[in-house]
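Numbering follows the working numbering, in which position 537 of the sequence shown is assigned residue number 538; successive positions increment by one, without gaps. We put the beta carbon where it would ideally sit given N, CA and C, even for glycine.
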Amino acid sequence: MPGLQASMAALQLTGGGTRRMCELIAAQTTTRSARRGQQLHAHVVKSGAALVPILANHLINFYSKCQLPEFAHLVFQECSRQRRRNQPPGAAAIATTTWSSLISSFAQNELPHLSLHALVDMMRAGTLPNDHIFPSAAKSCAALSDSRSGGAVHSLAAKTGFDLDIFVASSLVDMYAKCAEIWDARKLFDEMPEKNIVSWSGMIYGYAQIGMAEEALALFKMVLLGDGVSGDMGGVNDFTYSCIIRVCGGATFLELGRQIHGHCFKTSFDSSCFVGSSLISLYSKCGAPEEAHQLFDEMPTRNLGAWNSILIACAQHGRTRDAFAFFERMKMEGVSPNFVTFLCLLSACSHAGLVEEGKKIFHFMAAEHRIQPGPEHYACMVDLLGRAGRLPEAVEFIDKMPVEPTDAVWGALLTGCRLHGDTGTAALAAGRLFEKGSTSSGAHMLLAAAYAAAGDYASAAVARKAMRDRGLKKETGLSWVEWGNQVHTFVSGDQRHPLRQEIYEKVAELAAAAAAEGYVADTRFVPREEGGEEKRRSMGAHSERLAVAFALIRLPPGRPIRVMKNLRVCGDCHTWLKHVSGYTGRTVILRDNNRFHRLDGGSCSCGDYW
Numbered sequence: 002m003p004g005l006q007a008s009m010a011a012l013q014l015t016g017g018g019t020r021r022m023c024e025l026i027a028a029q030t031t032t033r034s035a036r037r038g039q040q041l042h043a044h045v046v047k048s049g050a051a052l053v054p055i056l057a058n059h060l061i062n063f064y065s066k067c068q069l070p071e072f073a074h075l076v077f078q079e080c081s082r083q084r085r086r087n088q089p090p091g092a093a094a095i096a097t098t099t100w101s102s103l104i105s106s107f108a109q110n111e112l113p114h115l116s117l118h119a120l121v122d123m124m125r126a127g128t129l130p131n132d133h134i135f136p137s138a139a140k141s142c143a144a145l146s147d148s149r150s151g152g153a154v155h156s157l158a159a160k161t162g163f164d165l166d167i168f169v170a171s172s173l174v175d176m177y178a179k180c181a182e183i184w185d186a187r188k189l190f191d192e193m194p195e196k197n198i199v200s201w202s203g204m205i206y207g208y209a210q211i212g213m214a215e216e217a218l219a220l221f222k223m224v225l226l227g228d229g230v231s232g233d234m235g236g237v238n239d240f241t242y243s244c245i246i247r248v249c250g251g252a253t254f255l256e257l258g259r260q261i262h263g264h265c266f267k268t269s270f271d272s273s274c275f276v277g278s279s280l281i282s283l284y285s286k287c288g289a290p291e292e293a294h295q296l297f298d299e300m301p302t303r304n305l306g307a308w309n310s311i312l313i314a315c316a317q318h319g320r321t322r323d324a325f326a327f328f329e330r331m332k333m334e335g336v337s338p339n340f341v342t343f344l345c346l347l348s349a350c351s352h353a354g355l356v357e358e359g360k361k362i363f364h365f366m367a368a369e370h371r372i373q374p375g376p377e378h379y380a381c382m383v384d385l386l387g388r389a390g391r392l393p394e395a396v397e398f399i400d401k402m403p404v405e406p407t408d409a410v411w412g413a414l415l416t417g418c419r420l421h422g423d424t425g426t427a428a429l430a431a432g433r434l435f436e437k438g439s440t441s442s443g444a445h446m447l448l449a450a451a452y453a454a455a456g457d458y459a460s461a462a463v464a465r466k467a468m469r470d471r472g473l474k475k476e477t478g479l480s481w482v483e484w485g486n487q488v489h490t491f492v493s494g495d496q497r498h499p500l501r502q503e504i505y506e507k508v509a510e511l512a513a514a515a516a517a518e519g520y521v522a523d524t525r526f527v528p529r530e531e532g533g534e535e536k537r538r539s540m541g542a543h544s545e546r547l548a549v550a551f552a553l554i555r556l557p558p559g560r561p562i563r564v565m566k567n568l569r570v571c572g573d574c575h576t577w578l579k580h581v582s583g584y585t586g587r588t589v590i591l592r593d594n595n596r597f598h599r600l601d602g603g604s605c606s607c608g609d610y611w
């Protein structure tokens, strides 16, 4: 500190003094030393020196990097006032580089609205953006998911000729991809004469977020081979790896994900917190929580994203005790939780039926950490109460919410009603969803299931008819398993698979073994008024049973069977699979649309609570 004070005392802020001050500010920017940088700024103010563009730019950049954008804006305003006083009439009040520093400051500090407002103000002042400003503007549009403003930025770049700049074009590709305008992104991407890692990563991310796994993987293969990547800007970075790992997790490509993990290890990207968090999510989503835990423990450094990833993994797999243990470790290591952290803990409580613990966390979040609940937290609390059968309390909770209940809140209540056969509350929740203009078939099917669970098949039929009258179709139930570098997908009663005869023979063998152990089909899970034999025949060909039978035929003995399903697993199939795990001595890991079920030795990790 004395050295800094001596340097300031010797500074005369003219000529070389200004350059020296800029060097000192740049040094504090590198070390993020907010206090020392502010002392330098105070010295500038006390000396009465003019905020020439280079000095203003350094100060704005310093405050931006120290996450103090409000001070960056104050510097900009003072610079503007000084320039207006000293510049001749008609001259530009603010240099383009200073506008660029301000716009970049807002974009980097997650203030996209202010960044775009500054862009508009700059143009009104008669200054056009340059190759440094366009990427910041595109980033701001992406943060807002505002493809309309992004298109305007693109048009302006084309008019000024900057759309040919590789960095500007790459930022626009990234913007369109993050706004889910994948076709616009790909068109611009294909038109680029040369591409850098930002454009490649942006396209891969765009495909990843809308579930176009094959397209994302094809691009990743191309970028690994260096096809079309600019010489000095080629290769992959941690964001690229994170995107492609996300693709593998979303599509449950476990073996491919492991191969990419190996590639990360060879290139040392596995030490990145960004990549590590994605790998934890991959292994969790693919039903390999042990690998997720091992990876987390081996990470050299862990940021908040990594902690949240392992908490999500624990919640998904019903490892509630582990979730709370990790949370305690997180606090001991001085990592402050955010709203995602508490959402993970609430989800873990919901999966385990820990109502009182969930209530404590919900209040602790606001009281101790000053994190106000969002729509997701409210929906999770309703889910917690609903699954526990405390439906009147859930309704009271919704009535007392300080914000308008979202579709997710009413959907969570409807799910609880389905589980407990509360048709009155189910009709209330479904009615609110229909009033809000919900176009999902799920609400109709949940309402029908609630009526069926209560034995009211006539009302269940009416609910299904109402769905058809609105032109909605029930989502097709799918189950899939990975084998031989392929994903084998099944629907209920599937007759398309080449091994269908062997599969149905295996299903019959398993059904006979389960019956010998006392299994009796529970036909209440068929929400239609049919004969008992017809219902049993229908349930016997459910997609999850076909997928498990196929896996038993093809996978080596002793290897865990991992099956994914896009809808909630049928309660009768859940019971049947427990018998199968006991009879075959195989571990069956089933992921439905709510959680993971690890069936082993005749029991399930969910404790029959899901």
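Cα-Cα separation between residue i and residue j, rounded to whole angstroms
{"i": "Ala181", "j": "Ser101", "result": "27 angstroms"}
{"i": "Phe77", "j": "Ala159", "result": "28 angstroms"}
{"i": "Asn594", "j": "Ala307", "result": "23 angstroms"}
{"i": "Ala35", "j": "Glu24", "result": "15 angstroms"}
{"i": "Pro290", "j": "Gly277", "result": "14 angstroms"}
{"i": "Val404", "j": "Ser539", "result": "43 angstroms"}
{"i": "Ala552", "j": "Val482", "result": "7 angstroms"}
{"i": "Thr302", "j": "Ala178", "result": "30 angstroms"}
{"i": "Ala126", "j": "Lys188", "result": "33 angstroms"}
{"i": "Gly485", "j": "Arg592", "result": "20 angstroms"}
{"i": "Thr15", "j": "Gln39", "result": "In this prediction, Thr15 scores a pLDDT of 47, lower than 50, which makes its location untrustworthy; the coordinate-derived value is nonetheless stated afterwards. The straight-line gap from Cα to Cα measures roughly 20 angstroms."}
{"i": "Leu280", "j": "Ala314", "result": "11 angstroms"}
{"i": "Arg467", "j": "Asp298", "result": "For the record, residue 467 in the displayed sequence is Ala; it is not Arg. Whole-angstrom Cα-Cα distance: 51 angstroms."}
{"i": "Ala28", "j": "Pro561", "result": "55 angstroms"}
{"i": "Gly390", "j": "Thr426", "result": "12 angstroms"}
{"i": "Glu334", "j": "Ile95", "result": "46 angstroms"}
{"i": "Ala7", "j": "Leu41", "result": "The pLDDT assigned to Ala7 is 46, lower than 50, so where the model puts this residue is not dependable, and the model offers no usable value."}
{"i": "Gly438", "j": "His445", "result": "13 angstroms"}
{"i": "Ser146", "j": "Val169", "result": "18 angstroms"}
Range covered by the alpha helix (DSSP H) that runs through residue i
{"i": "Leu100", "result": "One point to set straight first is that residue 100 is Trp, not Leu, in the sequence displayed. That run of the alpha helix (DSSP H) goes Thr97 to Gln109."}
{"i": "Met193", "result": "Unbroken run through Met193: none, as it is neither H nor E."}
{"i": "Thr416", "result": "Asp408 to His421"}
{"i": "His44", "result": "Ala35 to Ser48"}
{"i": "Ser1", "result": "Residue numbering for the chain in the displayed model covers 2 to 611; residue 1 lies beyond these limits and cannot be assessed."}
{"i": "Val463", "result": "Tyr458 to Asp470"}
{"i": "Leu600", "result": "Per DSSP, Leu600 belongs to no alpha helix (DSSP H); it is in the beta strand (DSSP E), Phe597 to Asp601."}
Test item: CB-CB of residue i and residue j under 7 angstroms
{"i": "Leu578", "j": "Leu547", "result": "no"}
{"i": "Val121", "j": "Ala138", "result": "no"}
{"i": "Tyr452", "j": "Ser460", "result": "yes"}
{"i": "Leu479", "j": "Val581", "result": "no"}
{"i": "Leu386", "j": "Leu415", "result": "no"}
{"i": "Ala324", "j": "Leu312", "result": "yes"}
{"i": "Cys67", "j": "Gly319", "result": "no"}
{"i": "Ile205", "j": "Leu225", "result": "no"}
{"i": "Ile167", "j": "Asn197", "result": "yes"}
{"i": "Phe190", "j": "Asp239", "result": "no"}
{"i": "Tyr208", "j": "Glu216", "result": "yes"}
{"i": "Phe275", "j": "Ser243", "result": "yes"}
{"i": "Leu103", "j": "Ile61", "result": "yes"}
{"i": "Ala1", "j": "Val383", "result": "Here the chain comprises residues numbered 2 to 611, so residue 1 is not present and cannot be evaluated."}
Residue range of the beta strand (DSSP E) that includes residue i
{"i": "Leu112", "result": "That residue, Leu112, is in no beta strand (DSSP E); it is neither H nor E in DSSP."}
{"i": "Lys566", "result": "Ile562 to Lys566"}
{"i": "Phe168", "result": "That residue, Phe168, is in no beta strand (DSSP E); its alpha helix (DSSP H) goes Ile167 to Lys179."}
{"i": "Ser480", "result": "Leu479 to Trp484"}
{"i": "Asp384", "result": "Careful: Asp384 lies outside any beta strand (DSSP E), inside the alpha helix (DSSP H) at Pro376 to Arg388."}
{"i": "Val589", "result": "Val589 to Arg592"}
Cβ-based burial, residue i [other Cβ within 10 Å; buried from 16]
{"i": "His489", "result": "buried"}
{"i": "Gln260", "result": "exposed"}
{"i": "Trp201", "result": "buried"}
{"i": "Trp184", "result": "exposed"}
{"i": "Ser348", "result": "buried"}
{"i": "Ser105", "result": "buried"}
{"i": "Asp495", "result": "buried"}
Residue i at chain D interface by Cβ criterion, 7 angstroms
{"i": "Cys142", "result": "Absent here is chain D; the protein component of the structure consists of one chain."}
Query raised in the report: Hey, is the stretch 282–292 in contact with the stretch 243–258, meaning 3+ C-beta pairs nearer than 8 angstroms?
Result: yes
Query raised in the report: Hey, is the stretch 497–507 in contact with the stretch 456–465, meaning 3+ C-beta pairs nearer than 8 angstroms?
Result: no
Query raised in the report: Taking three-plus beta-carbon pairs below 8 angstroms as touching, is the stretch 464–472 in contact with the stretch 536–545?
Result: no
Requested in this report: Would you check if the stretch 355–365 and the stretch 398–415 touch, i.e. whether three or more CB-CB distances between them fall below 8 angstroms?
Outcome: no
Report task. For the stretch 78–86 and the stretch 108–122, state whether three or more C-beta atom pairs, one from each stretch, are separated by less than 8 angstroms. Result -> no
Report task. Could you say if the stretch 370–380 and the stretch 349–361 meet the contact criterion of at least three C-beta pairs nearer than 8 angstroms? Result -> no
**Report entry** Meets three-Cβ-pair contact criterion under 8 angstroms: the stretch 565–579 and the stretch 255–272
**Finding:** no
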